[in-house]
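4 protein chains.
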Amino acid sequence: MTPRHPSDLRRFGYLGPRGTFTQMALDAWDGARHQEQVPFGSVDAALEALRSAEIDAAMVPIENSVEGGVSATLDALATGDPLVVIGEVLVPVTFVLCARAGMPLSSVRSVGTHSHAWAQVRTWMATHLPDAVYVPTLSTAASAAALGQPGDVMFDAGVCAPVAAANEGLEILAEDIGDNRSAVTRFVLVARPGTLPEPTGADKTTVVLFQRDDHAGGLLELLEQFAVRGVNMTRLESRPTGEAMGSYCFSIDFEGHLQDARVGETLMGLKRVCADVRFLGSYPRADGVRADARVGTADTDFDTARSWLEQLRS
Amino acid sequence: MTPRHPSDLRRFGYLGPRGTFTQMALDAWDGARHQEQVPFGSVDAALEALRSAEIDAAMVPIENSVEGGVSATLDALATGDPLVVIGEVLVPVTFVLCARAGMPLSSVRSVGTHSHAWAQVRTWMATHLPDAVYVPTLSTAASAAALGQPGDVMFDAGVCAPVAAANEGLEILAEDIGDNRSAVTRFVLVARPGTLPEPTGADKTTVVLFQRDDHAGGLLELLEQFAVRGVNMTRLESRPTGEAMGSYCFSIDFEGHLQDARVGETLMGLKRVCADVRFLGSYPRADGVRADARVGTADTDFDTARSWLEQLRS
Amino acid sequence: MTPRHPSDLRRFGYLGPRGTFTQMALDAWDGARHQEQVPFGSVDAALEALRSAEIDAAMVPIENSVEGGVSATLDALATGDPLVVIGEVLVPVTFVLCARAGMPLSSVRSVGTHSHAWAQVRTWMATHLPDAVYVPTLSTAASAAALGQPGDVMFDAGVCAPVAAANEGLEILAEDIGDNRSAVTRFVLVARPGTLPEPTGADKTTVVLFQRDDHAGGLLELLEQFAVRGVNMTRLESRPTGEAMGSYCFSIDFEGHLQDARVGETLMGLKRVCADVRFLGSYPRADGVRADARVGTADTDFDTARSWLEQLRS
Amino acid sequence: MTPRHPSDLRRFGYLGPRGTFTQMALDAWDGARHQEQVPFGSVDAALEALRSAEIDAAMVPIENSVEGGVSATLDALATGDPLVVIGEVLVPVTFVLCARAGMPLSSVRSVGTHSHAWAQVRTWMATHLPDAVYVPTLSTAASAAALGQPGDVMFDAGVCAPVAAANEGLEILAEDIGDNRSAVTRFVLVARPGTLPEPTGADKTTVVLFQRDDHAGGLLELLEQFAVRGVNMTRLESRPTGEAMGSYCFSIDFEGHLQDARVGETLMGLKRVCADVRFLGSYPRADGVRADARVGTADTDFDTARSWLEQLRS
């Protein structure tokens, strides 16, 4: 199969509805600007549509600087038919408290939003609405949508992105109410295997590692496969494999591209010592930071070493 | 402060409402049987009540064999006034689909439950109720409670523990619908510092490690502090510190008790190389598995080595 | 250059004179039995004759179970035009005290032998000839030769191999006088590059590693290149490079053959992180012990991993 | 036993005879200047005299920047009754070729010297006296002494330190004939246990490590005991234990003093994982270079960590 270029993608799915931070991430992706954009009700639904070729790519959240890894995405990528990440987008997370016209802050008795968003505004709520009842919704945008439609609603105010409140014509009762003003969510653009972005020198690679057995020091051994080849990790999360309490796989991002020699040897090393290694893509870093290759780990160092070995063996 | 004994505890809080798996965990704790039990609406609320001495201990979920770490608990323990884990309980997780009398499975159009439970019955739902709309609730027991009360409800059926359905007098439409039949949730009993269970030989210790800086190989260095002293980890989770994308702390369980010599030296080593180490308790393992101490890491080995050193120095 | 087979060798040099343990080692080498054997006065001289193609191979001592590495050999292999080890021989070391006919033990006032041999009979001498003066000779056989020839000699008795005493027709005053009865010397057969024995499954490889700079933890890094690929070391010696006090190179034997995949990757890894790596040959182990390959380090594991990587990259 | 101060030493032994580099080392030791100085015929003899309290200290060579470790010294310190190093001296090694008056360079047919010295002038000899026969002597000074006395001698010229040639009134045929002009020999002043120099901040410690068993990765484990506590090695030599081929102990120098916290914990760690650890002294470095303590490894870091642990445990 000839690898497809990321610029060949036509239909983009995303975790909807409209007005979520995920849509903001998709809007920030150049290649998606004038293409078809399809909202899905869950990460699972978006990725299934991608697997069945209903769409060409899906934008989904993977990591939040406050709440941590997005389990649904991590798990959906770690299992099922293979998918690969082909890009990432960082979106600052800003929350507003919004309500229907005429509802003053002092009258708010209940607040609807997604549980992750609720977790990120706890401090503000404890100060300004200590007695408000929390009502979970399927997404932050869903809380705005419920208020935006006529008829009964289960809560007086919603917590969502500014764009969602604007979309629904709601009033803003308070802006920037997140407990952490520098909160950022990282989104990844996922595609089917066969789409591999070119190396840029500032790349990341994502894998999931399944340990051969759960022996002491197992993780240490895996990390040494990276360290001995000068490959730096930028994210590590353990996720249960679901088989038994204490049985984990590791979701890992690291610097470098599949085509880099040190990445190739690291992946082969992991493949040999792990029960399984799932490659989840190499893609340009959103922050453009170039890898700081340790002495002896550049492609030319690997080439020189291989020529030397071949000469010894001949 | 004289350490209090776990048997001195009188008032127990837990993540409510009644009928949750957390209450089942508390029921399984011998010392809580004939004591006062107080439900709280969130992990945060239970732990705040504990910090303010309103209760003496709180039972909260910390890790699910399918869904992974419970972020709310991990984060609430990692920050704020110090608390310590003094015991753990493992509870098998079994879900039922329940409804009001007279509602056949074929008529169910919407299902309410907690988002974590929904994630664990995805496969069953895709097979038996592919078109059902999901409605998030605050807990699994809350879905049963809503159905158990008269009046309007937002969904036709709920997903909860068998005990919750029984408490509310609901009909069981399907039993054991979890995708993973061996799912287990691990709960921890948390108290204020000053309560330290005796070492039993089959103990665990929980810590949170904050790295000094985010340098390459940083986690490897931390893990070597364990490895060089023969201490085995049983859980590792990275959690964002909230300060910036890619800034993590590590929540770690390992074998052994604060009073064990190898644990003491490991903790001191971590304290020296980390920006901060938060001790979250030593307590008997629920499974009673005794640590398999590597040669040279028993308390007597440490004593012998110390005597030898003191003799050299004198 | 087509590799020559070890069986093509015709002229064998060795560290002479006749009657040394080195000649015993050469006699134990099947391929040398009916070939020309040339003694040399020093390891340097033998290896220089090999480099200038005056001989085809040279048998020299490299390691003694009592005295350690043989510096002259280690250093001569580590520098100058490249040479390779193509085989090894283990020879038990047994010393006799010998003298001209008519000299009783009680009359011995001075003893001649090589300084290494003297070091290995210290205890016997302290007990039986506490007042004897030591006279250094160029080799153990040289002490026998001096006594075997007519005329003045600087010492009353010699310490040498039984065969040397027999060659010279000397009387044996005491047998097996070595302090360590299980002493063994390891000899290596050295040839010019281009002679590479076939892998047997029970092979050793010898290298010299020159560190890039003398930074802390440098040796640890080198050893991790072996460990991460499951390659076991059987000998490690540091040798000064002669450049400055504290500047070392490392002479290392390890299990496996140049053609083994895990050895190839280890050598390339060392080549990348070292200032220089000198390959000194792969050859069958004298003891025939087969390497105990760790899970994931067999050639087939490397092949599988490479196929997987190539598929990912295509 | 109250530790004795190095300044209490009265009788100094050294590897004689007069005129060796060892005497030059002793002359460079302030505390020995106006004290009794006793030459011994071998390192063993000097150290035995020290063990039997015949002398208070002994100056012996331990490491040469060209030839490597001095086996006799390393082995004599590693076995027998314990001794400790209390100081070190670095002496530049300069060789002269000397002869009796009237012997021109062109007439020299044979050269006497110690085998280590002969190894260090090989290049000069190959150029200027390619046909000279080598005659081993017990020391470099012994070659000068033989020429300095009337009567027959086995060689025409000697290789020794300038001071030895001057002592004997010999003529200098060539100066500074060492192949390596920056050659240095390191000498150590050895005493009985109970003499421990004060920490200076620029100290070294010497130990011998005996592995528990000869398992793969054994050395790596030992080195990790140093690395994890930020202790840098400055010398590592493997020495055969004499028990079997491939059975080694490790002679190691590292930065820091027995009284340093990180050194104490490292020594205890080694004691626990090794079959045996032999402490061979802590003493000021001859070059005065202060240890570059890694973050978290200063004494105050250890004190802070210990206080923290004790508070947790109480």
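Protein chains in written order, with the UniProt record's numbering: chain A, 1 to 314; chain B, 1 to 314; chain C, 1 to 314; chain D, 1 to 314. We put the beta carbon where it would ideally sit given N, CA and C, even for glycine.
Is it right to say residue i is buried, meaning 16 or more other beta carbons lie within 10 angstroms of its own, or is it exposed?
| i | result |
| --- | --- |
| C/M268 | buried |
| B/D303 | exposed |
| D/G201 | exposed |
| C/E224 | buried |
| D/P130 | exposed |
| residue 392 of chain A | Because chain A here runs from 1 to 314, residue 392 of chain A falls outside it and cannot be looked at. |
| A/D176 | exposed |
| C/E168 | buried |
| C/A117 | buried |
| B/D8 | exposed |
| A/M233 | buried |
With residue i as the anchor, note down where its beta strand (DSSP E) starts and where it stops.
| i | result |
| --- | --- |
| D/Q149 | Run containing D/Q149: none; DSSP gives neither H nor E here. |
| B/Q37 | E36 to F40 |
| C/P136 | V133 to P136 |
| D/P162 | Where D/P162 is concerned, there is no enclosing beta strand (DSSP E), although the alpha helix (DSSP H) it sits in stretches over P162 to N167. |
| B/S110 | S110 to T113 |
| C/M233 | M233 to P240 |
| D/D253 | Y248 to E255 |
| D/G13 | R11 to L15 |
| A/A174 | E171 to A174 |
Could you give the first and the last residue of the continuous alpha helix (DSSP H) run that contains residue i?
| i | result |
| --- | --- |
| A/V93 | Per DSSP, A/V93 belongs to no alpha helix (DSSP H) and is neither H nor E. |
| residue 344 of chain B | Beyond the ends of chain B as shown, which are 1 and 314, falls residue 344 of chain B; an answer cannot be given. |
| B/G264 | A261 to V273 |
| D/M24 | F21 to D27 |
| C/D299 | D299 to R313 |
| residue 321 of chain D | The structure shown does not extend to residue 321 of chain D, since chain D is modelled only from 1 through 314, so no value can be given for it. |
Against chain B, does residue i count as a neighbour if the rule is that its beta carbon must be under 8 Å from one of theirs?
| i | result |
| --- | --- |
| A/V66 | yes |
| A/T137 | yes |
| A/L83 | no |
| A/L220 | yes |
Contact criterion: CB-CB distance below 8 Å. Does residue i meet it with respect to chain D?
| i | result |
| --- | --- |
| B/T297 | yes |
| residue 317 of chain B | Since the first residue of chain B shown is 1 and the last is 314, residue 317 of chain B is not available in this structure. |
For residue i, would you say it is in contact with chain C, using Cβ-to-Cβ distances shorter than 8 Å as the test?
| i | result |
| --- | --- |
| D/G246 | yes |
| A/F250 | no |
| D/Y14 | no |
| D/D44 | yes |
For residue i and chain A, any beta-carbon pair shorter than 8 Å?
| i | result |
| --- | --- |
| B/N167 | no |
| C/R272 | yes |
| B/A72 | yes |
| C/F279 | yes |
| B/D213 | no |
Does the segment 281-288 of chain C come into contact with the segment 84-91 of chain C, if we say contact requires no fewer than three beta-carbon pairs (one atom in each stretch) closer than 8 Å? Segments in contact, yes.
Quiz prompt | Residues of the segment 223-243 of chain D with Cβ closer than 8 Å to any Cβ of chain B, in chain order | solution = Taking 8 Å as the cut-off between beta carbons, the residues of the segment 223-243 of chain D near chain B are E224, Q225, A227, V228 and R229, in sequence order.
- [ ] Answer yes if the segment 111-126 of chain D comes into contact with the segment 148-168 of chain D, meaning at least three C-beta pairs across the two stretches below 8 Å, and no otherwise.
- [x] Taking a cut-off of 8 Å for Cβ pairs, the segment 148-168 of chain D and the segment 111-126 of chain D touch, as three or more such pairs fall below it.
Q. According to a CB-to-CB cut-off of less than 8 Å, which residues of the segment 115-133 of chain A neighbour chain B?
A. So the list reads S115, A119 and R122, given in the order they occur along the chain.
Which residues, in chain order, does the segment 282-313 of chain D contribute to contact with chain B at a C-beta distance below 8 Å? For the segment 282-313 of chain D, the residues whose beta carbon sits under 8 Å from a beta carbon of chain B are, in order, V295, G296, T297, D301, F302, T304, A305, R306, W308, L309, L312 and R313.
Original post:
Does the segment 123-140 of chain C touch the segment 126-140 of chain D, meaning 3 or more C-beta pairs lie closer than 8 Å?
Top reply: With the cut-off at 8 Å, the segment 126-140 of chain D and the segment 123-140 of chain C touch.
Three Cβ pairs or more, each shorter than 8 Å: is that satisfied between the segment 71-85 of chain B and the segment 247-262 of chain A?
Under the Cβ criterion (8 Å, minimum of three pairs), the segment 71-85 of chain B does not count as touching the segment 247-262 of chain A.
| What residues in the segment 257-268 of chain D have a beta carbon less than 8 Å from any beta carbon of chain B? | Along the segment 257-268 of chain D, the positions whose C-beta sits under 8 Å from a C-beta of chain B are L258, Q259, G264, E265, L267 and M268, read in chain order.
ask   = For the segment 173-195 of chain A, which residues have a beta carbon sitting closer than 9 Å to at least one beta carbon of chain B?
value = Under the 9 Å Cβ criterion, the segment 173-195 of chain A contributes D179, N180, S182, A183, V184, T185 and R186.
(Q) With three or more C-beta pairs closer than 8 Å as the rule, is the segment 193-212 of chain B touching the segment 14-30 of chain A? (A) Contact annotation: the segment 14-30 of chain A does not touch the segment 193-212 of chain B, with fewer than three C-beta pairs closer than 8 Å.
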